[in-house]
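Enquirer:
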Amino acid sequence: MTDNPQVDAWNGESGRAWVEHADHFDRMLAPFGGAVLGRLGLRPGDRVVDIGCGVGATTLSIASIVAPATAVGVDVSVTMLGAARTRAMAAGCSNVEFRDHDVQEEPIGVESFDSAFSRFGVMFFPEPDRAFAHIRQSLVDGGRFGFVCFQRPARRAIEQNPGIALGFAAASQPDRAAAVAAATETMSRHIVAGRVVMGAATWVVTARVS
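Listed below in structure tokens is the structure:
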């Protein structure tokens with residue numbers, strides 16, 4: 042089994058902090074997840090897995106679309122999954138299931154899903170090639186995988202950070218450019234392995250048998 046540092050992180054302080062501020066984070070990130078779900082074109086009856094589901098907001102949204110099918114949320118954080126189950130019960134949502142599962146370690150079944158979704162979850166894979174291969178195995182031929190994640194470089198991390206996007210939009214172009222340049226210089230000192238893993242990007246891919 043691969044040593045995945047994310048398991049410890051999200052079952053520790055990171056997971057507890059996210060649960061505590063879940064409503065704030067969900068409001069901030071909702072436009073990104075909504076954009077991906079809109080492009081996936083989910084329909085009632087679709088079998089969908091939400092990868093890195095966290096506290097379950099996106100899984101519940103998926104469940105409302107695909108009912109009566111069950112939406113499955115997977116995450117490595119037992120802390121956040123507990124909060125997700127509590128949310129589902131409070132919402133009276135019965136067609137949802139949350140699993141403690143590390144996608145990097147093994148697929149979520151074989152050809153078990155029509156679509157896969159992730160909102161800022163895939164960027165935490167220490168071995169992305171392995172994890173994405175397992176996601177592919179979990180999808181039927183022609184299945185779709187839509188995700189949003191942060192990307193490089195540092196400049197894009199600043200320009201596309203959801204927490205400051207509105208402020209940038211309201212600023213004049215010269216002020217915005219100066220702020221981005223200053224922040225980019227600072228963040229560039231903290232690049233690891235050639236990248237700062239931030240800046241939003243949306244992707245939808247289709248699974249095909251080669």
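Taking this note's numbering, the leading residue of the sequence shown gets 42, the next gets one more, and so forth. Ideal Cβ positions, reconstructed from N, Cα and C, are used throughout, including at glycine.
1) Taking all protein chains shown into account, decide if M130 is buried (16 or more other Cβ within 10 angstroms of its Cβ) or exposed.
2) So, is A172 buried or exposed, given that buried needs 16 or more other C-beta atoms within 10 angstroms?
3) Please report how far the alpha carbon of Q178 lies from the alpha carbon of C94, in whole angstroms.
4) Taking buried to mean at least 16 other C-beta atoms within 10 Å of its own C-beta, is M69 buried or exposed?
5) Determine the direct distance from the alpha carbon of F139 to that of A132, and round the result to whole angstroms.
6) Indicate the three-state DSSP secondary structure (helix, strand or coil) for I176 in the structure shown.
7) Buried or exposed: where does V254 fall if 16 or more other Cβ atoms within 10 Å of its Cβ makes it buried?
8) For the putative contact between R160 and V189, defined by C-beta atoms under 8 Å, what is the C-beta separation to the nearest angstrom?
9) State the DSSP-derived secondary structure class of V181, mapped to helix, strand or coil.
10) Let me know the alpha helix (DSSP H) ranges lying completely inside the region 58-111, each 4 residues or longer, listed in chain order.
11) Would you check if the distance between the CB atom of I92 and the CB atom of V163 is smaller than 8 Å?
12) Along the chain, where does the alpha helix (DSSP H) containing D49 start, and where does it finish?
13) Suppose the cutoff is 8 Å on Cβ atoms and the five residues either side in sequence are ignored; what does the same chain contact list for H142 look like?
14) Give me the residue from F73, R128, T111 with the minimum Cα distance to G86.
Expert: To lay it out plainly:
1) Indexing the sequence shown from 1 puts residue 130 at position 89. It is exposed - the Cβ of M130 has fewer than 16 other Cβ atoms within 10 Å.
2) Within the sequence shown, numbered from 1, the residue matching residue 172 stands at position 131. With 16 or more Cβ atoms within 10 Å of its Cβ, A172 is classed as buried.
3) Along the sequence shown, read from residue 1 onward, the residue named residue 178 stands at position 137. Along the sequence shown, read from residue 1 onward, the residue named residue 94 stands at position 53. Rounded to the nearest angstrom, the two C-alpha atoms are 19 Å apart.
4) As a first step, residue 69 is located in the sequence shown; it is residue number 28 there, counting from the start. That one is exposed.
5) Within the sequence shown, residue 132 is the residue found at index 91, counting from 1. Within the sequence shown, residue 139 is the residue found at index 98, counting from 1. A straight line joining the alpha-carbon of A132 with that of F139 spans about 15 Å.
6) Position 135 of the sequence shown, counted from the start, is the residue given in the question as residue 176. I176 falls in the helix class under three-state DSSP.
7) Nothing can be reported for residue 254: it is not among the residues displayed for the chain, which extend from 42 to 251.
8) The residue labelled residue 160 in the question sits at position 119 within the sequence shown. The residue labelled residue 189 in the question sits at position 148 within the sequence shown. Contact annotation, R160 with V189: C-beta distance approximately 6 Å; criterion of less than 8 Å satisfied.
9) Locating residue 181 in the sequence shown gives position 140, where the first residue counts as 1. V181: strand per DSSP, three-state reduction.
10) Those alpha helix (DSSP H) runs which fall completely within the region 58-111 and span 4+ residues are 63-81, 98-107.
11) By one-based count along the sequence shown, residue 92 stands at place 51. By one-based count along the sequence shown, residue 163 stands at place 122. Between I92 and V163, the CB-CB gap stays under 8 Å.
12) Taking the first residue of the sequence shown as 1, we reach residue 49 at position 8. Note, D49: alpha helix (DSSP H), 46-51.
13) Translated into positions along the sequence shown, residue 142 becomes position 101. Beyond the five residues adjoining it in sequence on each side, H142 comes within less than 8 Å, by CB distance, of V115, D116, V117, I149 in the same chain, given in chain order.
14) As a working mapping, residue 86 is identified with position 45 in the sequence shown. Comparing Cα positions, the closest option is T111.
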